[in-house]
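All residue numbers for the sequence shown refer to our numbering, where the first residue is 106 and numbers rise by one.
The C-beta atom is built at its ideal place from N, Cα and C for all residues, glycine as well.
This structure is a prediction, so every number in the text was calculated from the model and none was measured.
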Amino acid sequence: VAGMPNVFTPFRNKVEKLCDIGSPVQVPAKAGLALPKLNPESKSFSAINGGFEKCSLSYLPSLEELGYTPEQIEDAPIDERGVLQFKGGETAALARVKEYIWEKDLLKVYFDTRNGMIGGDYSTKFAPWLAHGCLSPRYVAKECRKYEEQRVENKSTYWVVFELLWRDFFKFFAKKHGNSIFFLGGTSGSDKKWGFDKRHLQAWKEGRTGYPLVDANMRELAATGFMSN
Numbered sequence: 106v107a108g109m110p111n112v113f114t115p116f117r118n119k120v121e122k123l124c125d126i127g128s129p130v131q132v133p134a135k136a137g138l139a140l141p142k143l144n145p146e147s148k149s150f151s152a153i154n155g156g157f158e159k160c161s162l163s164y165l166p167s168l169e170e171l172g173y174t175p176e177q178i179e180d181a182p183i184d185e186r187g188v189l190q191f192k193g194g195e196t197a198a199l200a201r202v203k204e205y206i207w208e209k210d211l212l213k214v215y216f217d218t219r220n221g222m223i224g225g226d227y228s229t230k231f232a233p234w235l236a237h238g239c240l241s242p243r244y245v246a247k248e249c250r251k252y253e254e255q256r257v258e259n260k261s262t263y264w265v266v267f268e269l270l271w272r273d274f275f276k277f278f279a280k281k282h283g284n285s286i287f288f289l290g291g292t293s294g295s296d297k298k299w300g301f302d303k304r305h306l307q308a309w310k311e312g313r314t315g316y317p318l319v320d321a322n323m324r325e326l327a328a329t330g331f332m333s334n
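Put into structure tokens, the structure is as follows:
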């Protein structure tokens, strides 16, 4: 990543000129997903904690096992006002791709609707599944190409793949700069002075800044876990 540009446009120009998007990796054979056998003398986490029987392809830890308190779990119900009732896993991810692109035929208008605020279909909503590895970006690109061949090719069909390119840019950018992306001075080492008024920070978190658009988005994020970009 040494030659990785620090801004998007040069990255985009190089990638679009020199690279082709590969096909999705084939689904592994069932045998390829088998877990390693437990070595009784192993000093692994599972052996030490007796948790190997839970380390399976079908076991899903509870929220308590992930470290959440009963109070936190009680305060995190599904809010019916959310733009979409997101459900984890590849099955739900593929169903959303099929619904958005093929069943509702929304890919052709993506560019015009993508900056909406309310509702489930103004944008793809693929991001949660992409972020958690439930959906392959190559698969999304493949479906876009198929849509262009079978229905229509326009700015919208290009723009979904273009957004995936932004995703790649930020991943490579983070790889290049490491932890500095989280530093106060950022990747440039800026010495800008920031305010640290805890009252202002709390007001922002709770959607009480006095700026309606900011407050609406922060309240939506707190209530549903999602907000429009």
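Is the distance from the Cβ of residue i to the Cβ of residue j below 8 Å?
i: T229; j: Y244; result: no
i: C239; j: E195; result: yes
i: W264; j: F113; result: no
How long is the line joining the alpha carbons of residue i and residue j, rounded to whole angstroms?
i: F231; j: V202; result: 7 Å
i: K135; j: S241; result: 19 Å
i: Y227; j: D184; result: 19 Å
i: R256; j: Q177; result: 46 Å
i: K303; j: Y252; result: 49 Å
i: I206; j: L123; result: 27 Å
i: E254; j: G221; result: 27 Å
i: G291; j: G283; result: 11 Å
i: F116; j: K260; result: 20 Å
i: G155; j: P166; result: Bear in mind that the predicted position of G155 carries a pLDDT of just 49, short of 50, making it unreliable; the figure below should be weighed with that in mind. When rounded, the distance between both Cα atoms is 15 Å.
i: P182; j: L168; result: 13 Å
i: D217; j: N334; result: 14 Å
i: A327; j: Y316; result: 16 Å
i: N111; j: F287; result: 16 Å
i: S151; j: E170; result: In this prediction, S151 has a pLDDT of 48, which is less than 50 and means its spatial position is unreliable; nothing more can be read from the coordinates.
i: C249; j: E258; result: 9 Å
i: N118; j: G172; result: 44 Å
For the ligand FMN, is there a heavy atom less than 7 Å away from the beta-carbon of residue i?
i: L165; result: Although the ligand FMN was asked about, the structure shown includes no ligands whatsoever.
For chain B, check one thing: does any of its Cβ atoms lie closer than 8 Å to the Cβ of residue i?
i: D320; result: In the structure shown, chain B cannot be found, because there is only a single protein chain.
### Message
Does the region 286-304 come into contact with the region 120-130, if we say contact requires no fewer than three beta-carbon pairs (one atom in each stretch) closer than 8 Å?
### Response
no
### Query
Below 8 Å, can you find three or more Cβ-Cβ pairs linking the region 210-219 to the region 180-191?
no
### Task
Mind the definition here: the region 227-246 touches the region 275-282 only if three or more C-beta pairs lie below 8 Å; say whether that holds.
no
### Query
How about the region 303-315 and the region 323-334: do they share at least three Cβ pairs that are nearer than 8 Å?
yes
### Message
In chain order, what are the residue ranges of uninterrupted alpha helix (DSSP H) at least 4 long that sit wholly in the region 266-315?
### Response
303-311
### Message
Please give the ranges of any beta strand (DSSP E) in the region 168-228, keeping only runs that are unbroken, at least 3 residues long and fully inside the region.
### Response
none
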